[in-house]
Amino acid sequence: MVAELAALVVLVIAIGAEQLHSRRVRRIAPLVFGPDAQPAHWARFAPTLCVLTLTALSWGLVTLMLLPPKIHVAETIEDDEMKHLLVVLDVSPSMRLEDAGTEKDQSRMKRAAVLMNSFFQRANMNRYRTSVVAVYNAAKRVVEETKDLEVIRNIFNDLPMHHAFVSGETDLFSGLKEAREISKQWNPRSTTLLLISDGDTVPGVGMPKMPVSIANTVVIGVGDSLKGSFINGHHSRQDVSTLRQMAIRLNGTYHNGNEKHLSTDLIDQLAVGGEENPFEKLTRREYALAICGLSALIYALLPWLLHRWGTRWKPGVLTSRNNREKSHRKSDHSRNTKQLHPSAS
11 MVAELAALVV LVIAIGAEQL HSRRVRRIAP LVFGPDAQPA HWARFAPTLC VLTLTALSWG
71 LVTLMLLPPK IHVAETIEDD EMKHLLVVLD VSPSMRLEDA GTEKDQSRMK RAAVLMNSFF
131 QRANMNRYRT SVVAVYNAAK RVVEETKDLE VIRNIFNDLP MHHAFVSGET DLFSGLKEAR
191 EISKQWNPRS TTLLLISDGD TVPGVGMPKM PVSIANTVVI GVGDSLKGSF INGHHSRQDV
251 STLRQMAIRL NGTYHNGNEK HLSTDLIDQL AVGGEENPFE KLTRREYALA ICGLSALIYA
311 LLPWLLHRWG TRWKPGVLTS RNNREKSHRK SDHSRNTKQL HPSAS
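Read in order, the letters of the sequence shown are residues 11 to 355 in the working numbering.
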């Protein structure tokens, strides 16, 4: 309330000062603005700008003076503001086939590691706790709610997790069910789900319903989608249609990661999803700082703008250099003529 009262006092004083100044300028208006005694059209709003900027500047300065000082420390994120990254990783033997990447010389698991490293570099991982679920013919939790990215990188760097399972058909839905059990206790719309697979031998039924904690889902396909390889007596390749259908049923997005990384726009969309508007976090301090900066800038530039473009009247005649030289020569010639023939004058 003190800042508002101070701003009100400055407003009254500034209005009185501008009225007094206007009366004084009006007396010498023809001298200042030329024969029409009128300033430029925009300059007529200069008194109003002066009053508003002084009022805003006084409010901002008094507000900052009364607020308790802010101690800048390392950014800390409260537990209830943390986001979750939940990765369901296909670790079946088909993920070790080398038909991924731009040169088709990477294993599918290695390609998944490259994609995740790119994601980690461009996403703000300080806001995320990461959990990984490995899936083959069943699902096993590998790590839960870690902030150590080196642990996650070690999981993706050819860790032979398929040896932890009995050989059989790949069951991606079991991984989704395990992800549901992990994430159902988290806050609503606080989780990004990444499913990484080649889509080999996906069942047609049994899709689990994900909890409200899942804000975004991305199904990432790896492996050559055109030319496959034989493994365990069947032809294995990335099943694009099946993975895209899974993404649709999960209300998510499908991305073919065999040759391209996740786009920056998609990563930004995942980061924004479920977060509050950053303008909602602005406090009275930030508003006061912004108003002080803007008001001071306008008030400092206003005299210069008035000097340059405050009036359309330009006294004197603007001539070129050639015309000035000709005028000087004519005057010199006339002066010399008078000196030679004084009787002519």
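Ideal placement from N, C-alpha and C gives every residue a C-beta, glycine not left out.
**Study point:** Helix, strand or coil at D115 according to DSSP, with G and I counted as helix
**Key:** coil
Check your understanding: Is the CB-CB distance between S207 and G178 below 8 Å?
Key -> no
Review point. Going by the beta-carbon positions, is the gap between A366 and S200 smaller than 8 Å?
Key: Given that the chain is displayed from residue 11 to residue 355, the structure contains no residue 366 and the question cannot be resolved.
Review point. Whole-angstrom Cβ separation of V250 and N261, contact assumed at under 8 Å?
Key: That belief does not hold up - the Cβ atoms of V250 and N261 are roughly 19 Å apart, past 8 Å.
Check your understanding: Should V228 and H172 be called a contact, given that it needs their Cβ atoms to be closer than 8 Å?
Key -> no
**Study point:** Buried/exposed call for G216, threshold 16 Cβ in 10 Å
**Key:** exposed
Check your understanding: So does the stretch 73-80 actually touch the stretch 176-190, counting three or more Cβ pairs closer than 8 Å?
Key -> no
Review point. Quick one: what does DSSP say K270 is sitting in, helix, strand or coil?
Key: coil
Review point. Is A47 helix, strand or coil when you go by DSSP?
Key: coil
Check your understanding: Nearest to P78 by CA position, among A189, E113, R190, T293, is which residue?
Key -> Residue T293 is the option with its Cα nearest to P78.
Practice item. In angstroms with no decimal places, state the Cα-to-Cα distance between Q48 and V42. Key: 9 Å
Practice item. Report, in whole angstroms, the separation of the C-beta atoms of T202 and L95, which I expect to be a contact under 8 Å. Key: Right, the Cβ-Cβ distance comes to about 5 Å (below 8 Å), so this counts as a contact.
Review point. Is R151 helix, strand or coil when you go by DSSP?
Key: Reduced to three states, the DSSP call for R151 is strand.
Review point. Do the CB positions of I277 and F183 come within less than 8 Å of each other?
Key: Not a contact, by the Cβ cut-off of 8 Å.
Check your understanding: By the 10 Å Cβ neighbour count, where 16 or more other Cβ atoms means buried, how is L18 classified, buried or exposed?
Key -> exposed
Review point. Less than 8 Å separating the beta-carbons of E160 and S141?
Key: No, the Cβ-Cβ distance between E160 and S141 is not below 8 Å.
Check your understanding: Count the other CB atoms within 10 Å of the CB of E296; is the residue buried (16 or more) or exposed (fewer)?
Key -> exposed
Exercise for review: Use the C-beta contact count for N268: other C-beta atoms within 10 angstroms, 16 or more gives buried, fewer gives exposed.
Suggested key: buried
Review point. How would you label A157, buried or exposed, when you count the other beta carbons within 10 angstroms and need 16 or more for buried?
Key: Here residue 157 is Lys; the residue named in the question, Ala, does not match the sequence. By the 10 Å Cβ count, K157 comes out exposed.
Exercise for review: Could you round the C-beta distance between T63 and S305 to whole angstroms and report it? I think they count as a contact, below 8 Å.
Suggested key: 4 Å
**Study point:** According to DSSP, residues forming a beta bridge with N226
**Key:** T202
Practice item. Report the option in S273, R106, L30 whose CA atom is closest to the CA atom of R247. Key: Looking at the Cα atoms, R106 is the closest of the given residues.
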